[in-house]
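To convert, note that position 58 of the sequence shown is 329 in this note's numbering; the numbers rise steadily by one, no gaps.
For every residue, glycine included, the Cβ atom is placed at its ideal position computed from N, Cα and C.
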Amino acid sequence: AVVSTQSTGRLLRQIRKLRFLFTEKQLKLIVNSLVVCKLDYCNSLYHGINEHQLNELQLIQNAAGKAVFGLYKHDHLDDTLKKLHWLPIRSRIVFKILLLVYKTLNGNGPDYLASMLRYNNVTHVPSLYEPTTLSKYGDRAFSKIGPSLWNKLPSNIKTCSTPEIFKMALKTHLFKEAYNIA
Numbered sequence: 272a273v274v275s276t277q278s279t280g281r282l283l284r285q286i287r288k289l290r291f292l293f294t295e296k297q298l299k300l301i302v303n304s305l306v307v308c309k310l311d312y313c314n315s316l317y318h319g320i321n322e323h324q325l326n327e328l329q330l331i332q333n334a335a336g337k338a339v340f341g342l343y344k345h346d347h348l349d350d351t352l353k354k355l356h357w358l359p360i361r362s363r364i365v366f367k368i369l370l371l372v373y374k375t376l377n378g379n380g381p382d383y384l385a386s387m388l389r390y391n392n393v394t395h396v397p398s399l400y401e402p403t404t405l406s407k408y409g410d411r412a413f414s415k416i417g418p419s420l421w422n423k424l425p426s427n428i429k430t431c432s433t434p435e436i437f438k439m440a441l442k443t444h445l446f447k448e449a450y451n452i453a
C-alpha cells in the first residue's frame, strides 16, 4: 500500500504526546489533515488488494481514531470510528470509486474514464454495462468494478442532482451499511 505504517505510526505517537494541548475538535482536524488524507490518497486503487494490506490500512485508521479520543494502543475501539463519522477503509475505497463514476457520468470526470463507462441497453432499468474479465487483475479495473458497484446502488443515490448531494447520500448509505444501521 502507498501508506507507510511506520511513518503514520510515528506521526500518531507525536500527536498523542501533544494531545493535551488541543481540544477534541482540533485533534480531529489535525489527524484528518495529517493521517486520514494519506489513507484517502489514491485509495480507489486499493480495491481488490489482499486482506493483509487492507487490514494494515484499517489498523492505521483505528490508531488515528484512538489518537483523537486519547485511547491507548490496547483499548477497545468500540464505536470510536462511528462517533467520528469515519467510514471504514473498505467503504472509503468504494466511496471514491463511486464518486469517480458519478462525476464521469455527469461530464465532470476525465475523458479516459468516460470511455470505460457505457449504459446497458439490455435492461429496462438504467444500469452500466459490466464487461467480463479473464483475470483477477481485470476484476480490479475501473471499467469492471465501477459499473459493478454503481449498479448495486439504490436509484435515489444515482439520481442525485449535484456532487455534494451525491457525496452526502452515498456516505450516509455506506455508513449505514458499514455499521449495520437500519
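Original post:
Considering only the beta carbon of each residue, do ILE364 and ASN314 sit closer than 8 Å?
Top reply: Counting from one through the sequence shown, the residue named residue 364 turns up at place 93. Counting from one through the sequence shown, the residue named residue 314 turns up at place 43. Yes; because the gap between Cβ atoms is below 8 Å, this pair is in contact.
Original post:
Three or more beta-carbon pairs under 8 Å between the segment 419-439 and the segment 369-377, yes or no?
Top reply: Three or more Cβ pairs closer than 8 Å define a contact, and the segment 419-439 meets that threshold against the segment 369-377.
**OP:** Starting from the N-terminal side, write out each stretch of the alpha helix (DSSP H) that is 4 residues or longer and does not extend beyond the segment 320-367.
**Re:** 322-340 and 351-354
Original post:
Is it true that the CB of LEU445 sits closer than 8 Å to the CB of SER362?
Top reply: Position 91 of the sequence shown, counting from 1, holds the residue named residue 362. Position 174 of the sequence shown, counting from 1, holds the residue named residue 445. Closer than 8 Å, so yes.
**OP:** Compute the beta-carbon to beta-carbon distance between ALA338 and ARG287, rounded to the nearest angstrom, for a pair I have assumed lies under 8 Å.
**Re:** Here the question's residue 338 lines up with position 67 in the sequence shown. Here the question's residue 287 lines up with position 16 in the sequence shown. The Cβ separation is near 5 Å, so the contact holds.
Original post:
Nearest-angstrom Cα distance between LEU384 and PHE413?
Top reply: For the purposes of this step, residue 384 is identified with residue 113 of the sequence shown, where counting begins at 1. For the purposes of this step, residue 413 is identified with residue 142 of the sequence shown, where counting begins at 1. Straight-line Cα distance between these residues: approximately 8 Å.
Original post:
alpha helix (DSSP H) containing ASN422: first to last residue?
Top reply: Against the sequence shown, residue 422 aligns to sequence position 151. 413-423 is the span of the alpha helix (DSSP H), which, as asked, contains ASN422.
Original post:
Taking one C-beta from the segment 332-348 and one from the segment 293-309 each time, how about it: are there three or more such pairs within less than 8 Å?
Top reply: yes
Original post:
Can you tell me whether LYS447 is buried or exposed, with buried defined as 16 or more other CB within 10 angstroms of its CB?
Top reply: Looking up residue 447 in the sequence shown gives position 176. With fewer than 16 Cβ atoms within 10 Å of its Cβ, LYS447 is classed as exposed.
Subject >> Continuous alpha helix (DSSP H) stretch holding ALA387: start and end >> reply: Sequence index remark: in the sequence shown, residue 387 carries index 116 (1-based). Note on identity: in this sequence residue 387 is Met, with Ala being the wrong assignment. Here MET387 belongs to no alpha helix (DSSP H), and DSSP marks it neither H nor E.
Original post:
What is the DSSP secondary structure of LEU405, reduced to helix, strand or coil?
Top reply: Counting from 1 along the sequence shown, the entry for residue 405 is found at position 134. In this structure, LEU405 counts as coil in the three-state DSSP scheme.
Subject >> First and last residue of the uninterrupted alpha helix (DSSP H) at PRO434 >> reply: What you label residue 434 is simply residue 163 of the sequence shown in a count that begins at 1. For PRO434, the enclosing alpha helix (DSSP H) has its first and last residue at 434-449.
Original post:
So what does DSSP say about LEU370, is it helix, strand or coil?
Top reply: Taking the first residue of the sequence shown as position 1, residue 370 is located at position 99. Reduced to three states, the DSSP call for LEU370 is helix.
**OP:** Classify ASN333 as buried or exposed, calling it buried when 16 or more other Cβ atoms lie within 10 Å of its own Cβ.
**Re:** Numbered from its first residue, the sequence shown carries residue 333 at position 62. With 16 or more other Cβ atoms within 10 Å, it is buried.
Original post:
Which residues in the same chain have their Cβ closer than 8 Å to the Cβ of LYS415, if we skip the five residues on either side of it in sequence?
Top reply: Start at 1 with the first residue of the sequence shown, and residue 415 comes out as number 144. Cβ neighbours of LYS415 beyond the five flanking positions: GLU401, PRO402, THR404 and GLY409.
**OP:** Could you pull out every residue in the same chain whose Cβ sits closer than 6 Å to the Cβ of PRO359, ignoring the five residues on either side in sequence?
**Re:** The residue you call residue 359 lines up with position 88 of the sequence shown. Counting only Cβ-Cβ distances below 6 Å, and skipping sequence neighbours, we find ALA449.
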